[in-house]
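For reference, the structure discussed in these notes is given below.
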Amino acid sequence: MPFLTEAEPRRGIAHDVLPGIRRVVARNPGVMTYHGTNTWLIEAADGLTVLDPGPDDPTHVGDVIEAAAGVPIRRILLSHTHRDHLGATAGLQSATGATTYGFHRPATKLFQPDRPIGEGDVVAGLTALHTPGHASDHLAFAYHVPEVGEVLFSADHVMSWSSSIVNPPDGDMKDYYDSLERLLGRSDVLYLPGHGPVLERPRELVREMLAHRQKRETAILEALRAGPATVTDIAARLYAKQDPMLKIAAERNVLAHLLKLRAEARAEEHGEVWRVAA
């Protein structure tokens with residue numbers, strides 16, 4: 384797939400991306416986060432909306448406040464409650480008094496939004512789209528930028544640098560397929576993801592992501608037709624991952640595919656062993 388790369392962004396500053404939209408990259412680089420979580424600052428009539436405060440890091444909280452340059456931060460908006468997006472929420476709210484917004488059924492007991500939101504709700508011009516798969520509480524946000532068009536803050540559902548992990552039980556492969564197919568029916572001109580650079584011509588990558596998942600599903604079924612196998616066996620056969628974290632991610636993706644196949648009565652689980660459904 385044609386994933387994008389970029390030079391490591393400068394830390395501690397806001398990068399202008401589009402009119403009224405800036406990006407601060409958190410200091411949490413890694414194999415699962417690329418250069419770090421993107422914290423988005425979006426101008427509104429009454430101040431700023433911060434989308435995805437980032438990890439629990441006081442330095443990053445300070446970076447975001449400094450990037451605001453004295454403009455009040457009125458809202459803290461969450462795409463989902465994974466810790467690399469949620470962690471800085473409490474610190475940023477304590478420092479600014481901003482109101483928090485997030486999905487009305489958060490996937491963790493560690494967070495309850497001041498203002499619960501869901502599909503179709505609008506917050507300072509950002510329209511929520513419920514896009515589960517990577518996380519059950521995952522929201523993308525559609526936004527109109529004058530002289531640019533419709534853009535989508537796609538968070539971790541579609542990223543420009545890598546595919547997303549689908550980690551059961553909160554991650555669900557059937558939901559992930561459905562959410563990708565939903566985006567194919569939209570006409571957004573740009574995606575602003577949770578990690579990595581801005582994605583142009585986003586539907587091209589969405590199509591390839593969906594086709595890649597379908598191909599992976601076919602390969603898993605073929606592996607089961609060759610004989611019963613464990614998740615670890617299948618992941619080792621289909622993925623060439625050396626990093627321990629990436630190996631775990633591969634196994635979780637395989638499990639998510641298998642659970643989807645089980646729900647469709649195409650695979651069966653017998654203890655730790657999976658086989659083609661009778």
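Heads up: the sequence shown begins at 384 in the working numbering, then just goes up one per residue.
For each residue, glycine too, the CB sits at the ideal point set by N, CA and C.
Just so we're clear, the structure is a prediction, and the values are computed from it rather than from any experiment.
Secondary structure remark: continuous alpha helix (DSSP H) runs of at least 4 residues inside the region 523-607, in chain order: 556-567.
The closest CA to that of R590, considering only E530, Y559, G501, is found on Y559.
Scanning M542, P552, Q625 for the CA closest to the CA of Y574 turns up M542. Shown here for L469: same chain residues with a beta carbon closer than 7 Å to its own, the five before and five after excluded, namely L461, F494 in chain order. For D399, the secondary structure class from DSSP, reduced to helix, strand or coil, is strand.
The region 559-568 and the region 506-515 touch, with no fewer than 3 CB-CB distances between them shorter than 8 Å. With contacts defined by Cβ atoms closer than 8 Å, L424 and R405 form a contacting pair. By the CB criterion at 8 Å, N421 and P438 fall outside the cutoff. A straight-line Cα-Cα distance of about 7 Å links E652 and R658. Counted as a single uninterrupted DSSP element, the beta strand (DSSP E) harbouring N421 occupies residues 421-427. Assignment of P611 by DSSP, reduced to helix, strand and coil, places it in the coil class.
For the region 632-660, the full-length beta strand (DSSP E) segments reaching 3 residues or more read 650-653, 656-659 along the chain. Here E634 has V614, T615, A618 as same chain residues with Cβ atoms under 8 Å from its own Cβ, once five neighbours each way along the sequence are excluded. With a cutoff of 8 Å on beta-carbon distance, D539 and H521 are scored as near each other. Judged by their CB atoms, V408 and D626 are not nearer to each other than the 8 Å cut-off. Counting along the chain, the unbroken beta strand (DSSP E) around P499 starts and ends at 498-500. Under the criterion of beta carbons closer than 8 Å, V454 and G474 do not qualify as touching, at roughly 19 Å. Taken through DSSP and simplified to helix, strand or coil, L469 comes out as helix.
Across the structure, Y484 and L509 are spaced so that their CA atoms are roughly 11 Å apart. P436 places its beta carbon 8 Å or farther from that of T479. H513 has L522 as its beta-bridge partners, per DSSP.
In the structure shown, R405 falls within a strand segment according to DSSP collapsed to helix, strand and coil. In the DSSP assignment, V454 falls outside any beta strand (DSSP E) and carries neither an H nor an E.
DSSP places G430 inside the beta strand (DSSP E), whose first and last residues are 430-434. Under the DSSP assignment, G485 falls in the beta strand (DSSP E) whose first and last residues are 482-486.
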